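Counting in the numbering used here, the sequence shown runs without a single skipped number right up to 114 at its last residue.
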Amino acid sequence: MNAQAMDAQFWDEMYRSRDQVFSGDPNGVLVTEVTDLPPGQALDVGCGEGADAFWLARRGWQVTAVDISVTALQRAATAAADVEGRVAWTRADLNITPPPATRSTWCPSSTSRSQSSRITPLCAAC
Ligand SMILES: C[S@@+](CC[C@H](N)C(=O)[O-])C[C@H]1O[C@@H](n2cnc3c(N)ncnc32)[C@H](O)[C@@H]1O
-11 MNAQAMDAQF WDEMYRSRDQ VFSGDPNGVL VTEVTDLPPG QALDVGCGEG ADAFWLARRG
49 WQVTAVDISV TALQRAATAA ADVEGRVAWT RADLNITPPP ATRSTWCPSS TSRSQSSRIT
109 PLCAAC
């Protein structure tokens, strides 16, 4: 599978193939890096089913959660009653549309590749 083929259709089909694809647990690096930070704004790039966005929002962060997959975003939004108003679920292909401007960015799925990209790989205090 090359990167070009991993488009919205690819990700939607992956999410449709199972009721839950990921563990539902927040990424360990996110937890380590952010636990002691005061809440602010966060951008979750490639939020998928929303585990990281939920974790941030439940700690008081205001989160913009972006993903290419409508299926994943619908699944996340449906499960997000307790964080309503604290997560903006946003559909975008970040290869085409630059991430929304925010002062913190969390990019769990591309930490290594994003060292050299324009997407900042981890959260920072606001
Ligand atoms: C490893 S998954 C993230 C899983 C998420 N942390 C969770 O717990 O559900 C990577 C995510 O990046 C999204 N993605 C891949 N390419 C993208 C793109 N070009 N723009 C936006 N999102 C993209 C995929 O749809 C997928 O949900």
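Think of the CB as a built atom: it goes at the ideal place given N, C-alpha and C, for glycine as much as any other residue.
The structure presented is a predicted model; accordingly, all values stated were derived computationally and were not measured.
| Item | Value |
| --- | --- |
| Would you identify the three-state DSSP class for W77, choosing helix, strand or coil? | strand |
| Spell out a yes or no on whether the region 43 to 53 and the region 3 to 12 are touching, meaning 3 or more CB-CB pairs, one atom from each, closer than 8 Å. | no |
| Let me confirm a value: V75 is counted as buried when at least 16 other C-beta atoms fall within 10 Å, else exposed. Which label applies? | buried |
| If you draw a straight line from the alpha carbon of D40 to that of D13, how long is it in whole angstroms? | 7 Å |
| So who's on the other strand from T23, going by DSSP bridges? | Its beta-bridge partners do not exist; DSSP assigns none. |
| In three-state terms, what does DSSP make of V33? | strand |
| With burial defined as no fewer than 16 other Cβ atoms inside 10 Å of the residue's Cβ, what is the status of I56: buried or exposed? | buried |
| How is A115 classed by DSSP in three states: helix, strand or coil? | Residue 115 lies beyond the range of the chain shown here (-11 to 114); nothing can be said about it. |
| How about V54 and G34: are their beta carbons less than 9 Å apart? | yes |
| Starting from the C-beta of S104, find all residues in its chain whose C-beta is less than 8 Å away, skip the five residues before and the five after it, and write them out in chain order. | The predicted model places S104 with a pLDDT of 32, which falls under 50 and marks its position as unreliable; any figure quoted below should be read in that light. Contacts found: none. |
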